[in-house]
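Counted from 1, the sequence shown has number 41 at position 41 by this note's numbering; the numbering is strictly sequential.
Think of the CB as a built atom: it goes at the ideal place given N, C-alpha and C, for glycine as much as any other residue.
Please read the structure below before turning to the comments.
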Amino acid sequence: MAPNDKVRSNSFSATMGIFGILFLLVIANTVFGQQKSAAEHVQKGNELVSSGQPDKAIGEFSKAIMFEPGNAFAYLQRGIARGMTGQMRKAVEDFNKAIELDPKVPEAFFSRAMANERMNETDQAIEDYGKAIELNPNYAEAYHNRGTQYHKKGLFNLAIDDFKKAIFLQQNYAKAYFNLGVAYRSISDTTMALRSYTEAIDIDPKFIDAYYNRGLALYDKEDYKSAIKDFQKILDLDSTHAHAWFNLGATLEIDKQYGKALDSYKKYTLYAPFPERDKVEALEKRFPDIERKMQGRPNPKLPPDFDMKPADSMGAGK
C-alpha cells in the first residue's frame, strides 16, 4: 500500500454534523421576510434541527412552505435538513427553489454545492462554490471546499490557490492548512507540505490526520526519528489506530529498532480492519524474519508483494 494523503473536506464524511454547522451559519447570517404562521413552523423546524431531529424538522419546514410558498428561507432550511438525512436529490431540489426565489443568498449555492459534492457531481459543486464566492468574496469555507474539488480533479495548483485564500480569510483554519499540505505533497513539494501540516498541528494539537500525513512526508524524507514521533503521537491520542501502529512498525524497522517494530506490528494485527486480513497474514509470516534481525542474523528475502512502506492514510473523511 503506497503512502498517499487523504483529502479532507467539510462536505459529507459526517453528513449530519456538517449540514448542522451550515444550518447554524444560515440562521446566523441570512434573513428572509416571513409571515407569522410560516415563521412559527420555521422556528419549530430550527429547534428540531438543533436538537438532532432533522427528519421531524422537514415536516415543519414543509408546513411553512404551505403557508408561504415564496419563502426561500424555508426551502433552504428544508434542503439542509434533507441533506442531514441523506436525501441529496431532494435537498438539491429545495436549494434550486431557494435560489429561484432569492438568487442572492450565498449559503444556498454553498449548500447545493455540498449536496452535489456528496453525489460526486464535482464540476457542478465547483461551479456552485464559485457562485457562493461571487456573492460573498470572504466565504472561507467555500474557497476551502472548492479547493478539495479542484484537488479531486487533479488541478493541484488551483487547489493550492483556494486553500491559501481560505487561510488568508480565516487564519486559524486547520483543515485548510492540512489540505494545503496534501496539495503540496501531490506536486512533490515535501518542504511546503511539512510546513502546512505543522501549521495545522499548531492550530489543533489533536489533529490526527495531520500527524499521520506529516509522518508520511517525514518518512519520504528519510527523517525516520521524526516520523516515529508523529506516529507515536497519533497513538497517544488513539491507541487503537491500526495504520499508525503499522506505520510506526515500518519506520522502526527501517530505523533498525527491531524489537519495537515487532511490538508495533503485533498491535497492528490486533486492530487491523477485517478487509486487511490478507495483509495481516503476510505480516505475521515476517515475524520470524524480524526476530532474526533482532539477533543479528541475515534477513531472508521479503515475501512476494509485501509492501513495508507506511500505509495510506485512512483519514476521517474529506
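Practice item. Report the three-state DSSP secondary structure of TYR139 (helix, strand or coil). Key: As a first step, residue 139 must be located in the sequence shown, where it is residue number 139. Coil at TYR139, not helix or strand.
Point to revise | Spatially closest choice to ALA140 from ASN116, ASN172, GLU40 and GLN257, by CA coordinates | key: Taking the first residue of the sequence shown as 1, we reach residue 140 at position 140. Here the closest residue by C-alpha is ASN172.
Check your understanding: Should the region 158-173 be called in touch with the region 115-123, which here means at least 3 C-beta pairs below 8 angstroms?
Key -> no
Check your understanding: Grouping DSSP H, G and I as helix and E and B as strand, with all else coil, what is LYS221?
Key -> On the sequence shown, position 221 is the one that residue 221 refers to. If DSSP states are grouped into helix, strand and coil, LYS221 belongs with coil.
Review point. Helix, strand or coil: how does DSSP classify MET119 here?
Key: Indexing the sequence shown from 1 puts residue 119 at position 119. It is coil, neither helix nor strand.
Point to revise | Under 7 angstroms between C-beta atoms of TYR268 and THR240 | key: Taking the sequence shown and counting its residues from 1, the one referred to as residue 268 is at position 268. Taking the sequence shown and counting its residues from 1, the one referred to as residue 240 is at position 240. No, they are not a contact pair.
Review point. If we count the other Cβ atoms within 10 Å of its Cβ and call it buried at 16 or more, is ASP230 buried or exposed?
Key: In the sequence shown, residue 230 corresponds to position 230, counting from 1. Buried.
Review point. So, is PRO69 buried or exposed, given that buried needs 16 or more other C-beta atoms within 10 angstroms?
Key: Along the sequence shown, one-based indexing puts residue 69 at 69. Classification for PRO69: exposed.
**Study point:** Completely contained alpha helix (DSSP H) runs for the region 221-268, where each covers 4 or more residues
**Key:** 224-237 and 242-254
Review point. Tell me which same chain residues have a C-beta within less than 6 angstroms of the C-beta of ASP204, skipping the five on either side of it?
Key: The residue you call residue 204 lines up with position 204 of the sequence shown. If we look at ASP204 and ignore the five residues flanking it on each side, its Cβ neighbours are ALA174.
Review point. Does the distance from the CB of ALA132 to the CB of PHE110 come in under 7 angstroms?
Key: The sequence position of residue 132 within the sequence shown is 132, counting from 1. The sequence position of residue 110 within the sequence shown is 110, counting from 1. Yes.
Review point. Can you list, in chain order, the residues of its chain whose CB lies under 6 angstroms from that of PHE32, leaving out five sequence neighbours each side?
Key: Sequence index remark: in the sequence shown, residue 32 carries index 32 (1-based). Reliability fails at PHE32, whose pLDDT of 47 lies under 50, so the model's placement of it is uncertain and no value is given.
**Study point:** Spatial distance of ILE254 from TYR224 (CA atoms)
**Key:** Sequence index remark: in the sequence shown, residue 254 carries index 254 (1-based). Sequence index remark: in the sequence shown, residue 224 carries index 224 (1-based). Approximately 8 angstroms, taken between the alpha carbons.
Check your understanding: Should ALA166 and TYR197 be called a contact, given that it needs their Cβ atoms to be closer than 7 angstroms?
Key -> Within the sequence shown, numbered from 1, the residue matching residue 166 stands at position 166. Within the sequence shown, numbered from 1, the residue matching residue 197 stands at position 197. Against a cut-off of 7 angstroms, the Cβ pair of TYR197 and ALA166 comes out as no contact.
Review point. Unbroken beta strand (DSSP E) runs of length 3 or more, entirely within the region 127-195: which are they?
Key: none
Exercise for review: Using 10 angstroms around the beta-carbon of ASP128, count the other beta-carbons present and answer buried if the total reaches 16, otherwise exposed.
Suggested key: Here the question's residue 128 lines up with position 128 in the sequence shown. Answer is buried; the Cβ neighbour count reaches 16.
Check your understanding: For THR148, which option in ASN136, ASN138 and GLU117 has the closest C-alpha, if you only look at C-alpha atoms?
Key -> For this step, residue 148 is matched to residue 148 along the sequence shown. The option with the nearest alpha carbon to THR148 is GLU117.
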